[in-house]
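*Asks:*
Protein chains: 2
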Amino acid sequence: MEQSELCPRFQKGMDIISKRWTGLIIYQLLSGPQRFCAVQSALPISGRLLSERFKDLQFEGIVDRHVYPEIPVRIEYSLTEKGRALEPVIREIEAWSRNWIEKEEAAEEC
Amino acid sequence: MEQSELCPRFQKGMDIISKRWTGLIIYQLLSGPQRFCAVQSALPISGRLLSERFKDLQFEGIVDRHVYPEIPVRIEYSLTEKGRALEPVIREIEAWSRNWIEKEEAAEEC
DNA sequence: CAAATTCACTTACTATTTGTAACTAATTAT
DNA sequence: ATAATTAGTTACAAATAGTAAGTGAATTTG
Numbered sequence: 001m002e003q004s005e006l007c008p009r010f011q012k013g014m015d016i017i018s019k020r021w022t023g024l025i026i027y028q029l030l031s032g033p034q035r036f037c038a039v040q041s042a043l044p045i046s047g048r049l050l051s052e053r054f055k056d057l058q059f060e061g062i063v064d065r066h067v068y069p070e071i072p073v074r075i076e077y078s079l080t081e082k083g084r085a086l087e088p089v090i091r092e093i094e095a096w097s098r099n100w101i102e103k104e105e106a107a108e109e110c
Numbered sequence: 111m112e113q114s115e116l117c118p119r120f121q122k123g124m125d126i127i128s129k130r131w132t133g134l135i136i137y138q139l140l141s142g143p144q145r146f147c148a149v150q151s152a153l154p155i156s157g158r159l160l161s162e163r164f165k166d167l168q169f170e171g172i173v174d175r176h177v178y179p180e181i182p183v184r185i186e187y188s189l190t191e192k193g194r195a196l197e198p199v200i201r202e203i204e205a206w207s208r209n210w211i212e213k214e215e216a217a218e219e220c
């Protein structure tokens, strides 16, 4: 029952993108740096989870958190180079969804 | 706080591949139809979860289950056309992992 | 100037999902 | 007869996700 030759880097990569919300968060940030509340209102995710995911993604070097010490402080999240390198993954998922997910199928979830 | 224009098909697609284990199961089946125990010994997944995931993936039309009524019955799982269409997604994740995940990073997980 | 709102979170609690282990039933090999 | 393999299922504990409310600093509204 010992598992085999699965490349550990591939396994790690798969772990990252197959964690709930990471794909959608990265998708959101592909349109440019955004604030916490902007991402939150773009996705059906709670503050608790978004905060947790941002921490995970920062730890993985996929997202950058930048504090602008302005009149009221402004905090922006953006993709690092490593994060932007995930764009082709996201685009392939987009393409697959467009081609293979029925409108009805998608609707029954909402 | 109402969430916006996220395409529901993209959301559904993301839901599917961002569910734990689905990516690795599909990756395994890309090398051809396989039996339950073959997939199980290729991945660090338990029988309970694999059984559950196979059911989900059949329901989504991504995996086919075929029973060969032989001397001892043989059951094989394979990708449908919809499932095989996910190959580019998997390949992009592979490429990203190869380029952006450090050996050490991956190792510290195991 | 007091009250409400916004931003970026955190805390507390519940529900759902995972993981672990053991069990089943049919067949087959030793 | 005993042990092993296949394709699961059941029972239960641990981890993760979801919901709701709270926090504290600053800012706008009445």
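Chains as they are written, first to last, in the numbering used here: chain V, 1 to 110; chain L, 111 to 220. For each residue, glycine too, the CB sits at the ideal point set by N, CA and C. It should be emphasised that the depicted structure is a prediction, and the values quoted were computed from it without experimental measurement.
Run through chain V and tell me which residues come within less than 9 angstroms of Val-199/L, C-beta to C-beta.
*Replies:* Residues of chain V passing the Cβ test: Val-89, Glu-92, Ile-93, Ala-95, Trp-96.
*Asks:* So which residues of chain L does Ile-17/V contact, with C-beta pairs closer than 9 angstroms?
*Replies:* Correct list: Ile-127, Ser-128, Gly-133, Ile-203, Trp-206.
*Asks:* Find the nearest neighbour of Phe-54/V within the set Tyr-68/V, Leu-24/V, Pro-69/V, judged by alpha-carbon distance.
*Replies:* Measuring from the Cα of Phe-54/V, the nearest candidate turns out to be Leu-24/V.
*Asks:* Can you list the residues of chain L that Gly-13/V reaches, using a CB-CB cut of under 8 angstroms?
*Replies:* In chain order: Ile-203, Glu-204, Trp-206, Ser-207, Trp-210, Ile-211.
*Asks:* Tell me the DSSP secondary structure of Glu-52/V in three-state form.
*Replies:* In the structure shown, Glu-52/V sits in a helix (DSSP, three-state: H, G or I).
*Asks:* Under a three-way DSSP split, which group does Ile-155/L fall into?
*Replies:* It is coil, neither helix nor strand.
*Asks:* Just confirm the distance between the C-beta atoms of Ile-172/L and Leu-189/L, as a whole number of angstroms; I'd bet it's less than 8 angstroms.
*Replies:* Indeed they touch by this definition, with Cβ atoms about 7 angstroms apart.
*Asks:* Give the straight-line distance between the Cα atoms of Val-89/V and Ile-203/L, rounded to the nearest whole angstrom.
*Replies:* So the two alpha carbons sit approximately 6 angstroms from each other.
*Asks:* Report the three-state DSSP secondary structure of Leu-86/V (helix, strand or coil).
*Replies:* Note: Leu-86/V maps to coil in three-state DSSP.
*Asks:* Determine the chain V residues that contact Glu-186/L at a beta-carbon separation under 9 angstroms, and present them in chain order.
*Replies:* Within chain V, no residue comes near Glu-186/L; the closest Cβ sits about 19 angstroms away, beyond 9 angstroms.
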